[in-house]
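Numbering (full-length UniProt numbering), first residue to last: 1 to 654.
Where is the CB? At the ideal position from N, CA and C, for every residue including glycine.
Data block below; observations after.
Below you can see the structure in the form of structure tokens.
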């Protein structure tokens, strides 16, 4: 047993936390700061190093901290939170102590290699500290789950919500937070952003720390707020803003080796704490009460966040909330937001109504759908409407089509939605219509083709042959359409029918088609469909077709064909950058015959999924068919041989 160490501390991690703090203190003193002009008072520095936290000298500007020093701040903050949480945990204590000792050994190695100052390159120190930080944050996550799950204490009548998590470890004394060097650093970075970018960053305050936040969801929201620049496409503007946040270490990308660029992001704890404070300070979001529990309040800038249990709060009453001037309603965690329906008729200035879920998980939201649709038409300024994941919606009423400013209609995951209104064409400013996951939807009204500003349509259905149903070929009237996803639930519609239908889509950049399960019909009907398909196939063979020249990404899954048509064979994909082919049980080859020389195929990203009979080797794939390939993913393709893919089925050139 180490000197001075009691048996109780052997298993609860306190002694090791103390030891890590001492090592951090030593490491802090030996790290050579990057900024040679930065002067520090060594005595003040040493006073700032304690088990409560590390703090730079008062004379040192927050913006000049080196990355390793920032990492030390993060580790110190993580240890403080972990020490607090351990008080409430009986399980996992041995695992915690083991992991803490492992990280203590890692820190000691860093100190040995970094002492004397300058002996170890700063980038190596940064890398080591980053890995230690991740391990400690993972440990906090495990401990916090047990801690929060066992909490039964209620602090006030407004907080009668056992399942709502506290905002972890924000100092109860605001002066402690404001005086922290890390907070000053974050605030300085925020202040150097443009006004709209600051609002974009502060919108992260409504989400929990370290949670996956999807870029598309953020883009929809920011479009609704009107804070994306007009000069760029919204997707490009969103990516540019998020890259700026990443470059400043304000957010982190969620790394997915299957993708060349990130699509989801997270905000680490201390940055999140700082952003929450700044957002409240500026009156943008007022999400947490004095006990740091989520609470529904209207901010000074007229934004309201719905949290779990909002309906039981006094502010849920229309007279108390005064909804007439609200501009944004965002559902953070409320599963039953029916109570706000009575606000609808008064919300004349509302721009954003995000009533659905924002998470990628399957959390269901239930609302009285009839009441929900009743007074939507009163929101004449509404730009973004999201019902994502609301399971009780079966129809969209005509009143929802009386929203002249609506730009984004998000119905993702409304799996019981059966019908769209025929007068959907009245949404004259609609640019984004997302029907992804609306599996009960059997047809699309023909009037959809009158939405001349529509640029993105996801979840279009090819199923119903009735005249009132919109056919895929009709969408060529949408001359701005650049992204399209289609679900095919009709027999007799294969790749040949697809290429004919999309002929003339001059602006189309991304196309995704999923063939679903065809509903069984009568024997005569099936025979007639097969005859019609055979007849059309014969007539199509003699024609020459090609993909739209603007198309850059093509995703085809479960297609019924047993061979690739000429226009889809690699040698003819001269403009396409990404190709995803999946789940064809009968496909055996990528072309009629193996080309004698490398093709001019421009595809850089290729995904092949569930081809049991596809026969091709790595040399043919990389050197002949796809010579520009940079990323390959293979899943359940046993006859694709000699590929250099790793155990996850992924190969990357970089």
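Query, Result
"Taking DSSP as the reference, what is the three-state secondary structure of residue 609?", "strand"
"For residue 557, which of helix, strand or coil comes out of DSSP?", "strand"
"Please find out if some non-hydrogen atom of the ligand GTP comes closer than 7 Å to the beta-carbon of residue 546.", "The model depicted lacks the ligand GTP and carries no ligand whatsoever."
"Using a Cβ-Cβ cutoff of less than 6 Å, which residues in the same chain neighbour residue 388 once the five nearest sequence positions on both sides are dropped?", "356, 357, 410, 412 and 413"
"Please say whether residue 508 and residue 451 have beta carbons closer to each other than 8 Å?", "no"
"Tell me whether the segment 589-603 and the segment 611-628 touch, counting them as touching only if at least three CB pairs, one residue from each stretch, are closer than 8 Å.", "yes"
"Please list the terminal residues of the continuous beta strand (DSSP E) segment that includes residue 235.", "Premise fails: residue 235 lies in the alpha helix (DSSP H), 234-247, not in any beta strand (DSSP E)."
"Let me know the secondary structure DSSP gives residue 469 once reduced to three states.", "strand"
"In the DSSP assignment, what are the bridge partners of residue 483?", "456 and 510"
"Please report the straight-line C-alpha distance between residue 199 and residue 484, rounded to a whole angstrom.", "30 Å"
"Rounded to whole angstroms, what is the Cα-Cα separation between residue 548 and residue 514?", "19 Å"
"Any chance you could list the alpha helix (DSSP H) runs of at least 4 consecutive residues sitting entirely within the segment 301-361, in chain order?", "318-321"
"Since I believe residue 97 is in contact with residue 16 (beta carbons under 8 Å), could you give me their beta-carbon distance rounded to a whole number of angstroms?", "6 Å"
"Measuring only the C-alpha atoms, how far is residue 323 from residue 378?", "13 Å"
"DSSP three-state call for residue 442: helix, strand or coil?", "coil"
"Shortest alpha-carbon distance to residue 383 belongs to which of 506, 597, 196 and 219?", "219"
"Say whether the segment 277-290 touches the segment 200-214, bearing in mind that this needs 3 or more beta-carbon pairs closer than 8 Å, one atom from each stretch.", "yes"
"Can you tell me which of the three DSSP states residue 294 falls into?", "strand"
"What is the DSSP secondary structure of residue 144, reduced to helix, strand or coil?", "Unreliable positioning characterises residue 144 in this predicted model, as indicated by a pLDDT of 47, which lies under 50. A coordinate reading is not provided."
"Evaluate residue 103 with the Cβ neighbour count: other Cβ atoms within 10 Å of its Cβ, from every protein chain shown; 16 or more gives buried, anything less gives exposed.", "buried"
"Quick check on the burial criterion: 16 or more other C-beta atoms within 10 angstroms. Buried or exposed for residue 362?", "exposed"
"Out of 317, 360, 350 and 349, state which residue places its alpha-carbon closest to the alpha-carbon of residue 339.", "317"
"Answer with buried or exposed for residue 285, where buried requires no fewer than 16 other C-beta atoms within 10 angstroms of its C-beta.", "buried"
"From the DSSP output, in three-state form, read off residue 196 for me.", "helix"
"Looking at C-beta atoms only, is the number of pairs between the segment 268-276 and the segment 232-239 that lie closer than 8 Å three or more?", "no"
"Within the same chain, show all residues whose beta-carbon is closer than 6 Å to that of residue 4, passing over the 5 residues directly before and after it, in chain order.", "With a pLDDT of only 42 at residue 4, under the threshold of 50, the placement of this residue in the model should not be trusted, and no figure is reported."
"Taking its Cβ as the centre, do 16 or more other Cβ atoms sit within 10 Å of residue 195, making it buried, or is it exposed?", "exposed"
"Please classify residue 222 as buried or exposed, where buried requires at least 16 other C-beta atoms within 10 Å of its C-beta.", "buried"
"Tell me whether residue 580 sits in a helix, a strand or coil according to DSSP, three-state version.", "strand"
"Quick check on DSSP: helix, strand or coil for residue 167?", "For residue 167, the pLDDT reaches just 42, beneath the cut-off of 50, and the residue's location in the model is therefore unreliable, leaving the point undetermined."
"What separation, rounded to the nearest whole angstrom, lies between the Cα atoms of residue 620 and residue 215?", "36 Å"
"What is the DSSP secondary structure of residue 634, counted as helix, strand or coil?", "strand"
"Of the choices 454, 422, 489 and 182, whose alpha-carbon is the least far from that of residue 438?", "489"
"For residue 553, which residues from the same chain have a beta carbon less than 6 Å from its beta carbon, with the 5 sequence-adjacent residues on both sides left out?", "510 and 578"
"Could you check which residue in 271, 433, 326 and 331 has the C-alpha nearest to that of residue 658?", "Shown here, the chain extends from 1 to 654; a query on residue 658 therefore has no answer."
"Could you pull the DSSP bridge partners for residue 651 from this structure?", "632"
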